[in-house]
Each structure stands twice: as structure tokens, then as C-alpha cells.
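Data first, discussion second: the structure below is written as C-alpha cells.
Numbering (full-length UniProt numbering), first residue to last: 1 to 360.
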């Protein structure tokens, strides 16, 4: 993400026996960024090389205890009458009755109902209840966007940006994205924040975008959660209470499955960035990302095995992860020196293990 680097400032940490400045790495060649990340190559400095299942869970018995005390349970409040309009089309859609849903929604869509128009567009774009038809779906997204539906404004903005199904129109796309964000659509909030940053690179753009990142993050958008963590930690003039939450947001993005956040969280935990140092937990996050095929994580795990940080030393495992990351194009001079320095038999074992590896 423009203006936010992954090299977070390191707090004062006093290592015990080894130097453990554990910086990010970056593959050679051009990089396409689709979300806010910026990993810069920096091999870690040389360190030492060392040689309850939850079963039978029961729900709380608080009500039973209350009953055994002899007190009568209070009566439930009367159910309020629903006076709103029943959305039959969406009801059919939720039950997987797509043909009926499309029929109901199409009738309403033709009368100008923006929500129904959006539902028709969604079903046509996915081929639910009808053969997939991206052009007709785009027509209905446009109609619903003109009617002010937040989801449709977001989806139509993406189509305008892409310029494949409809004519490219950046100005109109930005307008719809902004309106969708202001209407509270979480994905639009993140994308509008990205647009603001691209329009005004640097601290001013980040400050302008931050409220939209924060709103999107609160709605569970992992990309936004990651962006918030990076801005909170790296941007100057951020209040101390927000800066203190940087690692919490990074953790939320990592738990949501955002692989860049998982790698950064592992590095932060190893280095003690944004909170206490936890080598074992840092290793677990990096190892999990490595197992899922993240090349940067594979590079980091190799270093951790060499330095015995958060795990036992294992030269064969270290070499295996290095071989995998090297095959993917990530060069690392210090790991190459390590690999060339181990026994030939260990190199052979590492290559065999790398050949057997399949991402989890």
C-alpha cells in the first residue's frame, strides 16, 4: 500500500545469545500488489546454529440451577408483530430456490426496486437460476446503482474500473465507490480508502483514508484490518491509544486468513514489535503460512530453524524451506551460505523433502 511499509520500527529488545533482527524479504522481479503490503528484502543477521482435546462439552446449566432454586421463570415478552414488507425473493434465494427467487426479484426489478435489481444482478453474474449473463447483470447493477443501492454501487464501480463488460470510466467509478463507502458498504470503504491513498500518496493521504479503513476493519474486512495495523504502527501523529492496538488489528487480520498479516504477525512476535516477544507463537504463525505456500514465510522459517528461535534447531528442515523459497525466486545470500556449508547428505535430504512438499 502506498506510504505504508512492512518494515515496522523495532522497539528496544535485548536478545539473550543471538542477534535476531528478523526483517522481511522480497522475491526478485516485478511485484503486483492487490492489497496493502510492502515486503522488502533484508536477510536476518547471522545468529547461532544449535544442534487437550475438548470432549463432551455441555451447555451452561444456569437455567436448571435457577429452576432447582424453586423460583418460577419469568414469562417471555410478547412477540412483536412484523409490519414490514416480506421480501419473498430474498427468502427464496436464501433457501437456494433460485428460479423462484429470480422470478420474484425480476418482477420487482422491472418496477425500479433497487434491492431487487441488485439481487437479479447477483444471480445473473453467478448463474443462479439462469445461465450466467455478465452483460445483463451489469445492466441491472447499473440500474440499482442509480437507485442508490450500496452493494450495487460498489459492484458497478468495480465494473467501471475494469472496463471489460462496461466502458471504462474512472471518474464515475470513483464517484460510485465513494457513495457506496459513505453508505457504509465495508468493501467499498476499503477500496475508497485505497483510492484516497493513491490520489494523495504519503501521510496526508493516509490520514484522509484512515477513517474509511477503520470502518471497513470494524466490519471484518481483513485487508482493512491489516492496513489499520500498518498505519497505526508506522504513521506519525497517531494517538498512543491507537498505536497500542496495532498488533491487535494485525492479529485479527491474521486470524481471518490474510497471509501477509500472518507473516508480519510472526515477525512482530519474534522481534517483540507492538507487544511482548513470543518466539514460539511467532514460529507457529510463520510455519503455518509457510505450510500454506507463502514464500516469504518459508524464507523466515528457514532462518528460525537455523537460529533455533521458537523451535529446535534442524539443519535439514532449514535447508528444505530455503530450497522451496529459492525455487520460487526468493534469493537470500545468508541462507545460500548456510546451505553450502551443511553436509552433502543433509542437502540431499532437504531436496527430497522439498520435492515431497505440497501446500496445505
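Even glycine gets a Cβ: it sits at the ideal position worked out from N, Cα and C.
Distance between residue j and residue i (C-alpha atoms, nearest Å)
i, j, result
"residue 266", "residue 143", "46 Å"
"residue 315", "residue 342", "8 Å"
"residue 156", "residue 173", "7 Å"
"residue 184", "residue 150", "8 Å"
"residue 139", "residue 121", "8 Å"
"residue 305", "residue 318", "5 Å"
"residue 214", "residue 328", "34 Å"
"residue 27", "residue 330", "For residue 27, the pLDDT reaches just 43, beneath the cut-off of 50, and the residue's location in the model is therefore unreliable, although a value from the coordinates is still provided. Residue 27 and residue 330: Cα-Cα distance of roughly 4 Å."
"residue 245", "residue 217", "13 Å"
"residue 154", "residue 268", "34 Å"
"residue 186", "residue 347", "49 Å"
"residue 256", "residue 224", "11 Å"
"residue 130", "residue 168", "27 Å"
"residue 278", "residue 93", "47 Å"
"residue 164", "residue 189", "23 Å"
"residue 180", "residue 349", "54 Å"
"residue 97", "residue 222", "31 Å"
"residue 109", "residue 192", "28 Å"
"residue 166", "residue 135", "8 Å"
"residue 324", "residue 205", "38 Å"
"residue 272", "residue 212", "28 Å"
"residue 243", "residue 321", "34 Å"
"residue 152", "residue 203", "31 Å"
"residue 207", "residue 357", "43 Å"
"residue 360", "residue 111", "49 Å"
"residue 146", "residue 264", "41 Å"
"residue 210", "residue 233", "13 Å"
"residue 345", "residue 301", "21 Å"
"residue 383", "residue 354", "This structure cannot settle anything about residue 383, because the visible part of the chain is limited to 1 through 360."
"residue 309", "residue 351", "23 Å"
"residue 195", "residue 297", "29 Å"
"residue 241", "residue 274", "12 Å"
"residue 238", "residue 311", "35 Å"
"residue 333", "residue 281", "27 Å"
"residue 294", "residue 107", "47 Å"
"residue 307", "residue 338", "11 Å"
"residue 105", "residue 119", "7 Å"
"residue 47", "residue 303", "For residue 47, the predicted structure reports a pLDDT of 34, less than 50, and the residue's modelled location is therefore unreliable. A value from the coordinates is still provided. Cα-Cα distance, rounded: 9 Å."
"residue 326", "residue 340", "13 Å"
"residue 220", "residue 137", "27 Å"
"residue 100", "residue 176", "30 Å"
"residue 270", "residue 336", "22 Å"
"residue 95", "residue 102", "13 Å"
Boundaries (first-last residue) of the alpha helix (DSSP H) holding residue i
i, result
"residue 299", "295–307"
"residue 266", "259–271"
"residue 154", "150–162"
"residue 97", "No alpha helix (DSSP H) contains residue 97, which DSSP labels as neither H nor E."
"residue 323", "315–327"
"residue 351", "344–356"
"residue 246", "246–255"
"residue 288", "279–291"
"residue 87", "It is not in any alpha helix (DSSP H) - residue 87 carries neither H nor E in the DSSP assignment."
"residue 337", "333–341"
"residue 242", "240–243"
is_contact[residue i, chain D] using C-beta, thresh 7 Å
i, result
"residue 200", "The structure shown has no chain D; it contains just one protein chain."
Entirely within the region 170–234 and at least 4 residues each: give me those alpha helix (DSSP H) ranges in chain order. 170–182, 186–199, 203–218, 222–234
Are there three or more Cβ pairs, one per stretch, closer than 8 Å when the region 258–275 is compared with the region 289–299? yes
Would you call the region 111–129 and the region 158–178 in contact, with 3 or more CB pairs under 8 Å? no
Which whole runs of the beta strand (DSSP E) in the region 110–150 are 3 residues long or more, in chain order? none
Does the contact criterion of 3 or more C-beta pairs under 8 Å hold for the region 109–119 versus the region 89–97? yes
Does the region 223–231 come into contact with the region 240–259, if we say contact requires no fewer than three beta-carbon pairs (one atom in each stretch) closer than 8 Å? yes
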